[in-house]
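Residue numbers (the working numbering): 3 to 149.
C-beta: ideal position from N, C-alpha, C; glycine also.
Owing to the predicted nature of the structure, the values given are computational and were not obtained by experimental measurement.
What follows is a short report on a single structure.
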């Protein structure tokens with residue numbers, strides 16, 4: 003994990019596409035506002051994975067994807083149950099840590115989004131009234147924490 007974090011920190015100014023099973027890397031979108039998360043949609047029906055091959059924005063929302071995949075692959079149930087037990091303990095700790103990270107970095111992320119939109123408006127060819135309305139909308143979104 004440390005190696006992955008090092009790589010991501012040192013290439014964060016580059017366009018990078020990668021796929022991973024390491025779900026906690028989605029936290030990079032909290033820390034680095036220029037990170038964009040995408041995933042391939044997967045439906046789960048009757049403990050079966052149905053791969054849709056449809057790219058969607060945001061993190062993947064398939065809890066414990068690796069455990070489901072292990073079941074599909076036919077690993078012994080004793081191995082899967084042990085993995086579930088370990089996973090629940092790790093998940094509890096990770097959720098607490100992610101909440102702290104979100105609270106710490108969310109204001110920075112909001113400021114970044116405001117700056118991005120202000121730069122876009124600066125170079126916009128819109129008329130003054132449209133820009134004024136866009137600024138008002140931006141202000142409301144910032145106050146409502148919807149950025």
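Asked	Found
Find the nearest neighbour of residue 56 within the set 45, 132, 116, judged by alpha-carbon distance.	45
Please state whether the Cβ-Cβ distance between residue 123 and residue 137 is less than 9 Å.	yes
State the DSSP-derived secondary structure class of residue 54, mapped to helix, strand or coil.	strand
Where does residue 59 land, buried or exposed, given buried means 16+ other C-beta within 10 angstroms?	exposed
Compute the Euclidean distance between the alpha carbons of residue 30 and residue 90, then round it to the nearest angstrom.	22 Å
The beta strand (DSSP E) that contains residue 40, what's its start and end?	40 to 47
Write down every uninterrupted run of the alpha helix (DSSP H) in the segment 103 to 145 whose length is 4 residues or greater and which is fully enclosed by it, in chain order.	130 to 145
Give me, in chain order, the residues of the same chain whose beta-carbon lies closer than 6 Å to that of residue 149; leave out the 5 immediate sequence neighbours on both sides.	112, 115, 143
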